[in-house]
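Notes to accompany the following structure.
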Amino acid sequence: MSDENNFDKRLLKWYERTKRDLPWRNTRDPYRIWLSEIILQQTRVEQGLPYYRRFTENYPTVHDLANAPEDEVMKLWEGLGYYSRARNLHSSAKLVSSTMSGAFPDSSEQLQELKGIGPYTANAIASFAFDEDVAVVDGNVHRVLSRIFNVSTPVNSTKGKAEFQALANKLLPTGHSAEFNQAMMEFGALQCKPAPDCTICPFAEMCEAKAQDKISELPVKERKQAKKMRYLNYLMIHNGERTLLQKRTNKDIWQNLHEFLLHESSSEPAGIEELITNIKPLQGPITSDFSIDDRWSSKHILSHQILHVNVWIARSPQASLGSSNDGIFEASLDDVVNKYALPVVLKRFVEEKYKDIVSQ
DNA sequence: AACACGGGGTA
DNA sequence: TACCCAGTGTT
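Residue numbers for the first sequence follow the numbering used here, so the first one is 1 and each next one is one higher.
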């Protein structure tokens, strides 16, 4: 139909007039495009931009990233969230650097075999770096297509995923996937926003959702997930110079990030005694000779849970704090700030309290 | 198909 | 508060 035939021309015209100058649009290097796409998963351009600059500066090539220590990669990712992205990034960099001698797969299908690359990212890299005729479908594309063509199939259903992908592929002009995909996402990000100004929209007169006054109802997304309440109670034992630290390894939030000795509970702990009872190594190789200096509390609201974070600051007079075979180790306070990646809430704690602790 | 996974911006 | 963001991996 004619509306659909004109769609790409109208979109590209808008794009040429409105597009932002973003660094990953000025390269064809698959490595940099891949890096930008991983960073931008579920992340706004403005938030991801400084991280992209940091990574390309520290790791100009995939080999540089592959050869970096994992703790260093996690530290560069600190504060960006969804930390499995950083682990998969590093893991895939090693694979590409070694077994593929630095050359990324050049098709969407093969790209999806890499950890951290799903349908969206594979199509993005394949189109931006290799001009493959595959359409990207992300949150922006859902908004744009559901509204202009009045598609109310839930975007996160199996049927919806197939439908939006097929529609986007149909609209894509052969041989121009890179520009078209950039334009679709830019249009969703700048014009067809969750609460858009339709008075300046180039599709206003052909937009089916606008004609039916259904802009605010589209796209349709099925939701669930109630917020969970968690109490993370930390004991920070230090001697003014070093402190005890451990790395999170469970299938849970903050995997591979560092934290102090932890006792998690489902309600506010009775007191420090509860921590001392429940943190196992305290009965063993960790020194029990300490005094509580201070207590710091903070409520951290995440998308799917509310974290009550309590930190008891304990000073030990002993030169050695002890350690154990439970992955607990001594780290200098300097390294806690500069070397190890911490969850944002603990990073905030350190920033607030670091000077107090070292000056005692 | 349903969940888990972060942190920050916006209305 | 609720929703959203250049989504992916696991169960």
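For glycine and all other residues, C-beta sits at the position ideal for the given N, C-alpha and C.
Q: Let me know the secondary structure DSSP gives Glu46 once reduced to three states.
A: As a working note, residue 46 is residue 46 in the first sequence. In this structure, Glu46 counts as helix in the three-state DSSP scheme.
Q: Identify which residue in Glu241, Tyr83 and Glu113 has its Cα closest to the Cα of Ile39.
A: The sequence position of residue 39 within the first sequence is 39, counting from 1. When each option's Cα is compared against that of Ile39, the closest is Tyr83.
(Q) If you reduce the DSSP assignment to three classes, tell me which class Glu70 lands in. (A) Position 70 of the first sequence, counted from the first residue, corresponds to residue 70. Three-state result, Glu70: helix.
Q) Near Ala341, which residues of its chain fall below 6 Å by C-beta distance, leaving aside the five closest residues on each side in sequence? A) The residue given as residue 341 occupies position 341 in the first sequence. Within the same chain, Ala341 has close Cβ partners Met74, Lys75, Glu78 and Leu257.
(Q) Whole angstroms are fine: how far does the CA of Pro154 sit from the CA of Ser2? (A) Working through the first sequence from its first residue, we reach residue 2 at position 2. Working through the first sequence from its first residue, we reach residue 154 at position 154. With a pLDDT of 44 at Ser2, under the threshold of 50, the predicted position of this residue should be treated as unreliable, though the coordinate-derived value follows. Each residue's Cα considered, the two are about 26 Å apart.
Q. Can you name, in chain order, every residue of its own chain whose Cβ lies under 8 Å from the Cβ of Ala209, other than the five neighbours on each side?
A. As a first step, residue 209 must be located in the first sequence, where it is residue number 209. Within the same chain, Ala209 has close Cβ partners Ser146, Arg147, Ile148, Asn150, Ile215, Glu217 and Leu218.
(Q) Is it buried or exposed, Thr56, if we count other Cβ atoms within 10 angstroms and call 16 or more buried? (A) The residue labelled residue 56 in the question sits at position 56 within the first sequence. It counts as buried.
(Q) So if DSSP puts Leu307 in a beta bridge, which residue, or which two residues, is it bridged to? (A) Here the question's residue 307 lines up with position 307 in the first sequence. Beta-bridge pairing links Leu307 to Arg230 and His300.
**Q.** Which residues DSSP lists as bridging Leu145, in chain order
**A.** As a first step, residue 145 must be located in the first sequence, where it is residue number 145. DSSP output for Leu145 lists no bridge partner at all.
**Q.** C-alpha gap between Ser359 and Glu241, whole angstroms
**A.** Taking the first sequence and counting its residues from 1, one reaches residue 359 at position 359. Taking the first sequence and counting its residues from 1, one reaches residue 241 at position 241. About 10 Å.
Q.
Am I right that Ser92 and Gly116 are in contact with their C-beta atoms under 8 Å? What's the rounded C-beta distance?
A. Position 92 of the first sequence, counted from the first residue, corresponds to residue 92. Position 116 of the first sequence, counted from the first residue, corresponds to residue 116. Correct: roughly 6 Å between the Cβ atoms.
Q) In its own chain, which residues sit with a C-beta less than 8 Å from the C-beta of Gln255, not counting the 5 before and 5 after it? A) Stepping through the first sequence from its first residue, residue 255 is reached at position 255. Hits under 8 Å: Tyr83, Ser84, Arg87, Arg248 and Thr249.
Q: Tell me where the alpha helix (DSSP H) around Ser108 begins and ends.
A: As a first step, residue 108 is located in the first sequence; it is residue number 108 there, counting from the start. Going by DSSP, Ser108 is part of the alpha helix (DSSP H) stretching over Ser108 to Leu111.
Q) Hey, out of Thr174, Met184 and Lys19, whose CA is closest to Val136's CA? A) As a first step, residue 136 must be located in the first sequence, where it is residue number 136. Looking at the Cα atoms, Met184 is the closest of the given residues.
Q | Cut-off 7 Å between Cβ atoms - residues of its own chain near Asn6, not counting five sequence neighbours on either side | A | As a working note, residue 6 is residue 6 in the first sequence. Nothing meets the Cβ criterion.
Q | Where Met185 falls: helix, strand or coil (DSSP) | A | Here residue 185 refers to the residue found at position 185 when the first sequence is read from its first residue. Three-state DSSP puts Met185 in a helix.
**Q.** Sequence-distant residues of the same chain with beta carbon closer than 7 Å to Lys9, five excluded per side
**A.** Numbered from its first residue, the first sequence carries residue 9 at position 9. For Lys9, where only same-chain residues beyond five positions count, there are no Cβ hits under 7 Å.
Q) How many Å lie between Ala162 and Arg295 at the Cα? A) On the first sequence, position 162 is the one that residue 162 refers to. On the first sequence, position 295 is the one that residue 295 refers to. Whole-angstrom Cα-Cα distance: 52 Å.
Q: Would you mind sorting Leu11 into buried or exposed? The rule is 16 or more other CB atoms within 10 Å of its CB.
A: What you label residue 11 is simply residue 11 of the first sequence in a count that begins at 1. Counting Cβ neighbours within 10 Å, Leu11 comes out buried, since at least 16 surround it.
Q.
The beta strand (DSSP E) that contains His176, what's its start and end?
A. The residue labelled residue 176 in the question sits at position 176 within the first sequence. Taken as a continuous stretch (DSSP letters only), His176 belongs to no beta strand (DSSP E), as it is neither H nor E.
Q) Just reading off the alpha helix (DSSP H) that Phe203 is part of, what are its end residues? A) Position 203 of the first sequence, counted from the first residue, corresponds to residue 203. Note, Phe203: premise wrong, no alpha helix (DSSP H); not H, not E.
Q) In terms of residue numbering, what span does the alpha helix (DSSP H) encompassing Ser36 cover? A) For the purposes of this step, residue 36 is taken as the residue at position 36 of the first sequence. Looking at the DSSP string, the run of the alpha helix (DSSP H) that includes Ser36 is Pro30 to Ile39.
Q | Which of helix, strand or coil DSSP assigns to Asp197 | A | Walking along the first sequence from the start, residue 197 turns up at place 197. Residue state, collapsed to three classes: coil.
Q: Could you name the residues of the same chain whose beta carbon sits closer than 7 Å to that of Ser323, not counting the 5 residues immediately before and after it, in chain order?
A: Here the question's residue 323 lines up with position 323 in the first sequence. Counting only Cβ-Cβ distances below 7 Å, and skipping sequence neighbours, we find Pro285, Phe329 and Glu330.
(Q) Going by DSSP, what residue range makes up the beta strand (DSSP E) through Thr153? (A) Reading the first sequence from its first residue, position 153 is the one you call residue 153. In the DSSP assignment, Thr153 falls outside any beta strand (DSSP E) and carries neither an H nor an E.
Q) In three-state terms, what does DSSP make of Trp312? A) Numbered from 1 along the first sequence, position 312 holds the residue referred to as residue 312. Three-state result, Trp312: strand.
Q) Around the C-beta of Arg143, are 16 or more other C-beta atoms found within 10 angstroms, so that it is buried, or is it exposed? A) As a working note, residue 143 is residue 143 in the first sequence. Result: buried.
Q) If you follow the alpha helix (DSSP H) that Ala93 is part of, which residue opens it and which one closes it? A) As a working note, residue 93 is residue 93 in the first sequence. Under the DSSP assignment, Ala93 falls in the alpha helix (DSSP H) whose first and last residues are Ser84 to Ser98.
Q.
Below 8 Å on the Cβ atoms is my contact criterion, and I expect Leu244 with Leu261 to pass it. Report the Cβ-Cβ distance as a whole number of Å.
A. Stepping through the first sequence from its first residue, residue 244 is reached at position 244. Stepping through the first sequence from its first residue, residue 261 is reached at position 261. Confirmed, Cβ separation roughly 6 Å.
Q) For Ile279 versus Leu333, is the C-beta distance shorter than 8 Å? A) As a first step, residue 279 must be located in the first sequence, where it is residue number 279. As a first step, residue 333 must be located in the first sequence, where it is residue number 333. Pairing Ile279 with Leu333 gives a Cβ-Cβ distance that is not under 8 Å.
**Q.** Tyr51 vs Leu22 beta-carbon contact at 8 Å
**A.** Reading the first sequence from its first residue, position 51 is the one you call residue 51. Reading the first sequence from its first residue, position 22 is the one you call residue 22. For Tyr51 and Leu22, no; Cβs fall outside 8 Å.
Q | Nearest-angstrom Cβ-Cβ length linking Ile272 and Ile292, presumed shorter than 8 Å | A | Within the first sequence, the letter at position 272 stands for residue 272. Within the first sequence, the letter at position 292 stands for residue 292. About 6 Å separates the two Cβ atoms, so the contact holds.
Q.
With three or more beta-carbon pairs closer than 8 Å as the criterion, would you say the region 128 to 135 touches the region 162 to 171?
A. yes
Q) Where do the N-terminal and C-terminal ends of the alpha helix (DSSP H) with Ser359 fall, by residue? A) Taking the first residue of the first sequence as position 1, residue 359 is located at position 359. Ser359 -> alpha helix (DSSP H) spans Val344 to Ser359.
Q: Whole angstroms is fine: what's the gap from Pro60's alpha carbon to Arg20's?
A: Start at 1 with the first residue of the first sequence, and residue 60 comes out as number 60. Start at 1 with the first residue of the first sequence, and residue 20 comes out as number 20. Those two C-alpha atoms are separated by around 23 Å.
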